[in-house]
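Undergrad: In the working numbering, the protein residues as written are 11 to 390.
Below is the structure I would like to discuss, written out as structure tokens.
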Ligand SMILES: *Cc1c(COP(=O)(O)O)cnc(C)c1O
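Dropping the structure here:
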């Protein structure tokens with residue numbers, strides 16, 4: 011642990027050396043000429059958007075990706091001048107901000123394109139944009155069957171520059187690639203229609219991490235990576251790159267130790283009753299920090315061993331059984347997510363507790379847990 015203000019005995023460690031290694035391994039795996047965009051939406055899945063963006067740029071990311079304009083502005087305010095793709099849909103009111111801060115919005119309809127064009131003309135600017143084609147996810151974008159016509163129309167607006175066309179997979183990381191390949195086929199058909207109209211697109215992109223790993227025939231010019239550089243795989247079945255490892259660990263310290271007598275109950279709702287005398291540790295972290303709300307479920311690592319959560323965890327505290335570690339003392343370090351000794355609690359283990367996915371757990375760790383960025387030499 012470092013830095014003086016971050017004194018709360020519950021924190022998140024981000025291993026910047028491992029991040030650097032992950033990027034190096036991804037770079038080595040990336041086919042020549044394939045560029046990558048680093049998606050840093052939702053605070054880079056809870057890891058800290060600015061820090062992750064800076065590392066990504068150093069590792070060769072040609073572009074950053076956010077979903078809100080505010081996320082993009084945070085990067086600009088921290089001195090990051092790399093192109094930023096703002097994905098999803100923009101309100102008219104957001105368009106001026108995009109121009110003022112040199113953001114590259116996704117524009118998926120004629121009306122919004124006209125608004126953006128007008129603003130660009132007023133400022134005698136040419137503004138870059140990308141367009142999304144919905145190839146089957148039914149989320150953002152122009153439906154594939156209509157996309158070529160819309161793209162041809164938007165491509166004629168002189169104050170705008172169509173820099174990219176993107177699509178997004180609904181299922182890229184499972185073994186069954188049938189639908190992914192169908193989406194790819196729709197995208198390729200649409201691109202062929204553009205070629206027939208003599209329209210060439212500088213940057214065509216379709217793959218997230220799952221697509222990057224498993225759908226090399228869908229790479230096009232650029233891939234959009236979010237979770238992989240953070241060291242987490244989107245599924246258990248997708249391809250592995252040896253050496254990639256998680257960069258986030260969630261830690262706390264034992265804040266108090268209680269001696270339970272037979273019959274004592276633990277926590278809200280009295281979900282646990284001691285059947286023998288034993289010690290428990292109170293950890294100063296709870297569901298208000300992003301840990302799932304659990305009842306007699308979940309484990310943490312103390313002295314390299316697993317300690318069970320007993321009773322119900324609170325917003326700010328949880329109790330764990332110390333029966334297996336008699337040597338444990340107040341202020342000993344505890345790992346909720348990450349490695350200790352030879353054991354590891356993965357983000358997937360925690361995701362199971364609340365029936366969700368790793369993305370949700372990573373981005374669910376709250377702001378009130380300080381992020382501590384570590385590089386070699388600073389590590390304890
Ligand atoms: C979030 C997101 C990504 C990144 O997905 P990962 O699975 O984290 O790599 C890529 N593209 C779009 C459009 C996204 O919304």
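Built from N, CA and C at the ideal position, the CB exists for glycine as well.
Am I right that residue 218 and residue 182 are in contact with their C-beta atoms under 8 angstroms? What's the rounded C-beta distance?
TA: That pair is a contact at about 6 angstroms.
Undergrad: Under 9 angstroms, do residue 383 and residue 61 count as touching if we go by C-beta distance?
TA: yes
Undergrad: Name the DSSP bridge partner or partners of residue 139?
TA: Looking at the DSSP output, residue 139 sits in a beta bridge with 172.
Undergrad: Using only the heavy atoms of ligand 1, determine whether one of them is closer than 8 angstroms to the beta carbon of residue 282.
TA: no
Undergrad: So is residue 142 buried or exposed if we call it buried at 16+ other beta carbons inside 10 Å?
TA: buried
Undergrad: With DSSP run on the structure shown, which of helix, strand or coil describes residue 374?
TA: helix
Undergrad: By how many angstroms is the C-alpha of residue 332 removed from the C-alpha of residue 273?
TA: 17 angstroms
Undergrad: With a threshold of 16 other CB atoms inside 10 Å of the CB of residue 278, please say whether the residue is buried or exposed.
TA: exposed
Undergrad: To which residues of the same chain is residue 361 closer than 8 angstroms at the C-beta, ignoring the five residues directly before and after it?
TA: 367, 368, 370 and 371
Undergrad: Among residues of its own chain, excluding the 5 on either side of residue 298, which ones have a beta-carbon nearer than 6 angstroms to its beta-carbon?
TA: 325 and 326
Undergrad: Does the stretch 223-230 come close enough to the stretch 182-198 to have 3 or more Cβ pairs within less than 8 angstroms?
TA: yes
Undergrad: Whole angstroms is fine: what's the gap from residue 209's alpha carbon to residue 160's?
TA: 12 angstroms
Undergrad: Could you check where the alpha helix (DSSP H) with residue 357 kicks off and where it finishes?
TA: Secondary structure note for residue 357: its alpha helix (DSSP H) is the uninterrupted segment 357-363.
Undergrad: Taking DSSP's pairing of strands, which residues face residue 115 in a bridge?
TA: 96
Undergrad: Here's a check: name, in chain order, each residue in its chain whose Cβ is nearer than 6 angstroms to the Cβ of residue 233, leaving out the five neighbours to either side.
TA: 46, 217 and 222
Undergrad: Residue 108 lies in the alpha helix (DSSP H); which residues open and close that run?
TA: 102-110
Undergrad: In the DSSP output, which residue or residues are listed as bridge partners for residue 235?
TA: 48
Undergrad: Say the cut is 8 angstroms; is the CB of residue 244 nearer than that to a heavy atom of ligand 1?
TA: yes
Undergrad: How far does the alpha helix (DSSP H) with residue 220 in it extend, from its first residue to its last?
TA: 219-224
Undergrad: Relative to the C-alpha of residue 98, which residue among 377, 154, 135 and 75 is closest?
TA: 75
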